[in-house]
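Encoded as structure tokens, the structure appears first; notes follow it.
Number of protein chains: 2
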Amino acid sequence: MKNKIIIKPKLLKGTRDFGPQQMAKRQYVMDTIVSVFKRYGYDTIETPVIEYAETILGTAEEESSKLTYTFADNGGRNIALRYDQTVPTARYVAMNYANLPMPFKRYQISRVWRADKPARGRYREFYQCDVDIIGTESLLAEAEMIKIMDEVYTSLGLKDARIYINSRRLMNSILSSFNIPTPVQPEVIRIIDKCDKLTPTDITAEIVEYMSIDVANELLGIISISGDNDSKIKKLNAYDVSEISIILELAKQWGVQMENIIFSPSLARGLDYYTGVIFEVRIPGVDVGSVCGGGRYDDLCSRFINKKISGVGVAFGFDRTIIAMEERGLLDNTPLSSKVLVTYFDDTTLPYSLDILNTLQQAQINAEIYIEPATLSTQLKYANKKQIPYVVIVGPDEMKTNIVQLRNMETGIQETIPYTALQTYMKNV
Amino acid sequence: MKNKIIIKPKLLKGTRDFGPQQMAKRQYVMDTIVSVFKRYGYDTIETPVIEYAETILGTAEEESSKLTYTFADNGGRNIALRYDQTVPTARYVAMNYANLPMPFKRYQISRVWRADKPARGRYREFYQCDVDIIGTESLLAEAEMIKIMDEVYTSLGLKDARIYINSRRLMNSILSSFNIPTPVQPEVIRIIDKCDKLTPTDITAEIVEYMSIDVANELLGIISISGDNDSKIKKLNAYDVSEISIILELAKQWGVQMENIIFSPSLARGLDYYTGVIFEVRIPGVDVGSVCGGGRYDDLCSRFINKKISGVGVAFGFDRTIIAMEERGLLDNTPLSSKVLVTYFDDTTLPYSLDILNTLQQAQINAEIYIEPATLSTQLKYANKKQIPYVVIVGPDEMKTNIVQLRNMETGIQETIPYTALQTYMKNV
Numbered sequence: 003m004k005n006k007i008i009i010k011p012k013l014l015k016g017t018r019d020f021g022p023q024q025m026a027k028r029q030y031v032m033d034t035i036v037s038v039f040k041r042y043g044y045d046t047i048e049t050p051v052i053e054y055a056e057t058i059l060g061t062a063e064e065e066s067s068k069l070t071y072t073f074a075d076n077g078g079r080n081i082a083l084r085y086d087q088t089v090p091t092a093r094y095v096a097m098n099y100a101n102l103p104m105p106f107k108r109y110q111i112s113r114v115w116r117a118d119k120p121a122r123g124r125y126r127e128f129y130q131c132d133v134d135i136i137g138t139e140s141l142l143a144e145a146e147m148i149k150i151m152d153e154v155y156t157s158l159g160l161k162d163a164r165i166y167i168n169s170r171r172l173m174n175s176i177l178s179s180f181n182i183p184t185p186v187q188p189e190v191i192r193i194i195d196k197c198d199k200l201t202p203t204d205i206t207a208e209i210v211e212y213m214s215i216d217v218a219n220e221l222l223g224i225i226s227i228s229g230d231n232d233s234k235i236k237k238l239n240a241y242d243v244s245e246i247s248i249i250l251e252l253a254k255q256w257g258v259q260m261e262n263i264i265f266s267p268s269l270a271r272g273l274d275y276y277t278g279v280i281f282e283v284r285i286p287g288v289d290v291g292s293v294c295g296g297g298r299y300d301d302l303c304s305r306f307i308n309k310k311i312s313g314v315g316v317a318f319g320f321d322r323t324i325i326a327m328e329e330r331g332l333l334d335n336t337p338l339s340s341k342v343l344v345t346y347f348d349d350t351t352l353p354y355s356l357d358i359l360n361t362l363q364q365a366q367i368n369a370e371i372y373i374e375p376a377t378l379s380t381q382l383k384y385a386n387k388k389q390i391p392y393v394v395i396v397g398p399d400e401m402k403t404n405i406v407q408l409r410n411m412e413t414g415i416q417e418t419i420p421y422t423a424l425q426t427y428m429k430n431v
Numbered sequence: 003m004k005n006k007i008i009i010k011p012k013l014l015k016g017t018r019d020f021g022p023q024q025m026a027k028r029q030y031v032m033d034t035i036v037s038v039f040k041r042y043g044y045d046t047i048e049t050p051v052i053e054y055a056e057t058i059l060g061t062a063e064e065e066s067s068k069l070t071y072t073f074a075d076n077g078g079r080n081i082a083l084r085y086d087q088t089v090p091t092a093r094y095v096a097m098n099y100a101n102l103p104m105p106f107k108r109y110q111i112s113r114v115w116r117a118d119k120p121a122r123g124r125y126r127e128f129y130q131c132d133v134d135i136i137g138t139e140s141l142l143a144e145a146e147m148i149k150i151m152d153e154v155y156t157s158l159g160l161k162d163a164r165i166y167i168n169s170r171r172l173m174n175s176i177l178s179s180f181n182i183p184t185p186v187q188p189e190v191i192r193i194i195d196k197c198d199k200l201t202p203t204d205i206t207a208e209i210v211e212y213m214s215i216d217v218a219n220e221l222l223g224i225i226s227i228s229g230d231n232d233s234k235i236k237k238l239n240a241y242d243v244s245e246i247s248i249i250l251e252l253a254k255q256w257g258v259q260m261e262n263i264i265f266s267p268s269l270a271r272g273l274d275y276y277t278g279v280i281f282e283v284r285i286p287g288v289d290v291g292s293v294c295g296g297g298r299y300d301d302l303c304s305r306f307i308n309k310k311i312s313g314v315g316v317a318f319g320f321d322r323t324i325i326a327m328e329e330r331g332l333l334d335n336t337p338l339s340s341k342v343l344v345t346y347f348d349d350t351t352l353p354y355s356l357d358i359l360n361t362l363q364q365a366q367i368n369a370e371i372y373i374e375p376a377t378l379s380t381q382l383k384y385a386n387k388k389q390i391p392y393v394v395i396v397g398p399d400e401m402k403t404n405i406v407q408l409r410n411m412e413t414g415i416q417e418t419i420p421y422t423a424l425q426t427y428m429k430n431v
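Chains as they are written, first to last, in my numbering: chain B, 3 to 431; chain Y, 3 to 431.
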């Protein structure tokens with residue numbers, strides 16, 4: 003071998019490798035989420051990772067511009083890596099509007115890139131997991147999102163996930179009733195949005211910049227009313243609370259577990275983007291912030307098409323959901339591919355080992371043979387590292403008498419089983 | 003709405019959107035392939051799309067360098083989009099060698115990028131679908147690859163897929179026996195590689211640059227011998243044919259359908275990379291070239307680690323496999339997510355519709371409600387566009403008598419079914 007330069011293998015900060023164990027967990031979570039999306043009639047689409055920079059950035063100087071990876075390709079075209087899934091979906095809808103079933107229900111789970119400074123929990127490359135219904139103003143769409151969030155977290159074992167709901171229209175109607183001028187409303191909402199993080203005193207201190215202390219106290223009293231959803235709706239019936247009331251009723255009719263749905267008049271997520279109802283999901287006792295969020299938007303495609311298209315969507319925080327599940331121990335026993343390892347000691351027993359292996363695989367049981375002759379200890383170590391729960395041990399004696407030794411790797415218990423009974427046995431454990 | 007500039011929505015050439023129908027087909031193919039990989043004990047890993055350019059490009063000036071997308075990020079680091087899955091996997095193995103189960107069996111299906119001129123079938127962004135066993139010299143690994151290729155194409159319905167196999171060692175031993183000097187051997191192999199595309203006369207014309215016409219004819223006679231595998235092996239027993247013979251015997255013991263395995267002494271794929279046995283799969287009558295290929299390599303990780311790591315792997319051509327399946331009509335009826343559409347005519351029947359919908363979804367049946375009140379014709383059109391096979395039609399009469407009208411969208415036949423029988427009915431169609 004010629005003397006060659008070795009490159010130190012390393013990862014770019016803010017990007018990650020996922021090994022087999024991590025991937026098994028991630029795929030389990032992804033598959034569970036996707037199965038719920040499909041159960042509600044959502045199909046997936048896929049858009050390219052690389053697009054014209056103009057498509058991704060738009061014409062305005064937005065916050066996202068400086069966080070978008072852009073570069074010139076060999077042909078001098080300006081290219082960008084997608085920053086989110088929303089803009090490419092909007093482009094896709096604009097290009098295919100005439101042929102899509104409308105309302106268009108689509109989910110999308112794929113990677114996005116941010117040219118950001120990496121920090122704990124902030125990556126340059128990460129997954130987004132979106133589900134949207136595009137092209138309807140029906141409030142049943144909001145109810146469907148609640149049902150989906152409820153079912154996703156129930157399916158993942160996070161049955162106590164709390165779904166918070168509020169309405170931008172309601173918030174505007176409350177602020178207007180206090181004669182807070184429209185241009186100032188966004189500032190006030192930004193302060194209200196911090197209700198969770200700051201003390202009431204701090205909130206009041208900030209908010210009195212925009213109104214008298216009496217008005218501030220009255221306003222904060224209204225948006226932080228307590229009680230169950232029905233009583234909150236009753237207390238706020240002077241304001242535009244009708245859509246919340248309708249949506250909660252529809253969700254109930256659809257079978258949502260209503261005890262986890264919390265109408266929260268102080269919720270103020272995603273200020274500039276959302277125009278109607280907004281959602282957020284948190285897991286009690288898990289300190290990762292919201293694990294899911296979304297709401298209604300009114301001009302999804304306006305960058306690409308002169309048409310007002312309203313929709314509702316939520317984005318599941320994939321990494322945060324996994325953190326929550328790990329904290330609860332819900333991913334401790336996620337299985338890897340192999341269920342059985344068949345041993346390989348030497349070439350005399352190899353045909354018997356292959357025959358056993360083939361019998362298992364034909365029965366759709368995930369199984370493998372240790373790929374070269376080795377000691378039992380080497381093969382058991384391999385099974386342990388790959389978290390293979392069963393090892394079929396076959397030497398000359400087993401071959402002669404048509405039996406196998408089946409070792410349960412968790413308990414260490416080893417049983418003698420007739421070869422003819424193995425397939426059925428393995429199908430039932 | 004303020005007057006804003008509309009950006010013309012368009013795609014970069016060589017990249018593609020995949021809509022719901024296409025995605026359903028692609029996912030079906032992907033899921034089938036993955037289920038086979040798992041059945042043989044392969045786990046997946048994931049590496050980032052963006053890496054240090056040095057990692058992707060290496061130190062040598064390679065063919066791949068000018069086809070790799072590279073750019074400087076905000077911090078002045080040289081970044082590249084991955085060109086293939088092999089180099090990132092090599093980096094991953096080098097970084098994690100001590101902790102990986104060895105031999106390391108992994109599959110990976112993800113996108114790669116080529117800064118190439120797009121043409122028919124040549125994309126700038128496309129999927130690779132690799133399965134590799136890394137860190138073993140056992141020929142059982144080659145047999146496993148044959149078994150996997152056989153099972154993948156059988157599972158996809160392409161039961162007549164032909165798996166061609168040859169050995170670089172055999173080829174070298176044949177060429178050496180003709181006293182063809184080692185430095186010239188690659189050139190001769192390059193010509194032999196064209197045996198499929200050129201006429202025997204053209205091949206001879208090219209090959210006589212390196213040897214006399216008599217030698218050329220004798221060489222071409224040897225590598226294009228006909229007959230079944232056993233007779234070819236016998237005829238070539240003067241050369242290094244032993245590994246082919248062993249691998250075919252192991253594959254047979256493992257239950258491979260041997261009639262589709264073709265030992266082809268003229269197969270000369272991937273010259274510079276492979277060091278042992280090579281594979282290629284073609285579908286008779288489907289003119290897309292090879293749909294799968296691979297072989298044994300001996301220095302996978304040498305760019306990153308001073309250690310010789312031998313392995314065997316094959317890459318499934320995802321797009322070509324789909325083309326082959328489409329030509330055979332194997333993807334004509336790939337279902338989308340929804341199995342049932344429940345109608346929504348007005349708010350009086352909505353609770354009944356939601357109740358039916360919930361019953362179906364609770365039984366894990368993928369179902370949806372048309373999200374806003376609409377005419378039957380609008381809702382049926384929607385079902386057609388989404389290829390939903392059944393529509394549950396419920397108006398005031400059905401609600402009163404606790405029945406539903408179930409319309410089979412393919413046959414157009416409409417049946418009256420008691421609500422209580424619907425769940426069971428739908429689980430069995």
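For glycine and all other residues, C-beta sits at the position ideal for the given N, C-alpha and C.
{"Check": "CA-to-CA distance, ALA240/B to GLN187/B, given in whole angstroms", "Outcome": "19 Å"}
{"Check": "Cβ-based contacts, 7 Å cut-off: residues of the stretch 42-61 of chain B near chain Y", "Outcome": "TYR42, GLY43, TYR44, ASP45, THR46, ILE47, GLU48, THR49, PRO50, VAL51, ILE52, GLU53, TYR54, GLU56, THR57, GLY60 and THR61"}
{"Check": "Simplified DSSP assignment, three categories, for THR72/Y", "Outcome": "strand"}
{"Check": "Helix, strand or coil at GLU139/Y [DSSP, three-state]", "Outcome": "coil"}
{"Check": "Burial state of LYS27/B, where buried means 16 or more other Cβ atoms lie within 10 Å", "Outcome": "buried"}
{"Check": "Residue burial classification, GLN87/B (beta-carbon count within 10 angstroms, cutoff 16)", "Outcome": "buried"}
{"Check": "Nearest to ASN181/B (by Cα), restricted to the options SER214/B, ALA163/B, TYR166/B and ASP195/B", "Outcome": "SER214/B"}
{"Check": "is_contact[ILE135/B, chain Y] using C-beta, thresh 8 Å", "Outcome": "yes"}
{"Check": "DSSP state of VAL38/Y mapped onto helix, strand, coil", "Outcome": "helix"}
{"Check": "Straight-line Cα distance separating GLY159/Y from THR426/Y", "Outcome": "30 Å"}
{"Check": "Per-residue DSSP class, three states only, for MET3/B", "Outcome": "For MET3/B, the predicted structure reports a pLDDT of 43, less than 50, and the residue's modelled location is therefore unreliable. A value from the coordinates is still provided. Coil, per DSSP."}
{"Check": "CB contact below 8 Å: SER228/B versus chain Y", "Outcome": "no"}
{"Check": "Closest Cα partner of SER244/Y within the set VAL38/Y, MET151/Y, SER175/Y and THR49/Y", "Outcome": "SER175/Y"}
{"Check": "According to DSSP, residues forming a beta bridge with LYS107/Y", "Outcome": "ILE135/Y"}
{"Check": "Segment contact, 8 Å Cβ cut-off, at least three pairs: the stretch 362-373 of chain Y with the stretch 319-330 of chain Y", "Outcome": "no"}
{"Check": "Contact list for ALA26/B against chain Y, beta-carbon separation under 9 Å", "Outcome": "ASP45 and THR46"}
{"Check": "Rounded Cβ spacing between PHE106/Y and ILE136/Y (contact assumed at less than 8 Å)", "Outcome": "5 Å"}
{"Check": "Where LYS388/Y meets chain B, residues with beta-carbon distance less than 8 Å", "Outcome": "GLY43, ASP45 and PRO103"}
{"Check": "Closest Cα partner of ARG41/Y within the set VAL114/Y, THR49/Y, VAL133/Y and GLU53/Y", "Outcome": "VAL133/Y"}
{"Check": "Option nearest VAL342/B by Cα separation, candidates PHE281/B, LEU378/B, LYS388/B and VAL393/B", "Outcome": "VAL393/B"}
{"Check": "3 or more residues per run - each beta strand (DSSP E) lying fully within the stretch 324-355 of chain Y", "Outcome": "342-344"}
{"Check": "Near-chain Y residues of the stretch 296-313 of chain B - C-beta to any C-beta below 9 Å", "Outcome": "ASP301, CYS303, SER304, ARG305, PHE306, ILE307, ASN308 and LYS310"}
{"Check": "For MET151/Y and PHE281/Y, believed in contact at Cβ under 8 Å, the rounded distance", "Outcome": "7 Å"}
{"Check": "Beta-carbon gap between LEU83/Y and ILE52/Y smaller than 8 Å", "Outcome": "yes"}
{"Check": "PHE20/Y, DSSP secondary structure in three states", "Outcome": "strand"}
{"Check": "Identity of the residues DSSP links to GLU127/Y by a beta bridge", "Outcome": "TRP115/Y"}
{"Check": "Span separating the alpha-carbon of GLU208/Y from that of LYS68/B", "Outcome": "56 Å"}
{"Check": "Close-in-space but distant-in-sequence residues of the same chain around MET3/Y (CB under 8 Å, 5 per side omitted)", "Outcome": "The pLDDT assigned to MET3/Y is 43, lower than 50, so where the model puts this residue is not dependable, and the model offers no usable value."}
{"Check": "Every unbroken beta strand (DSSP E) inside the stretch 247-273 of chain B [3 residues or more]", "Outcome": "263-265"}
{"Check": "Neighbour flag for PRO11/B against chain Y, beta carbons, 8 Å", "Outcome": "yes"}
{"Check": "Proximity test, Cβ basis, 8 Å: ALA121/Y and chain B", "Outcome": "no"}
{"Check": "Interface residues of chain Y facing GLN255/B [CB-CB closer than 8 Å]", "Outcome": "LEU352, PRO353, LEU356 and ASP357"}
{"Check": "Under 8 Å between C-beta atoms of GLN130/Y and VAL114/Y", "Outcome": "yes"}
{"Check": "Neighbour flag for LEU158/Y against chain B, beta carbons, 8 Å", "Outcome": "no"}
{"Check": "Residue-chain proximity (MET213/B, chain Y), Cβ-Cβ < 8 Å", "Outcome": "no"}
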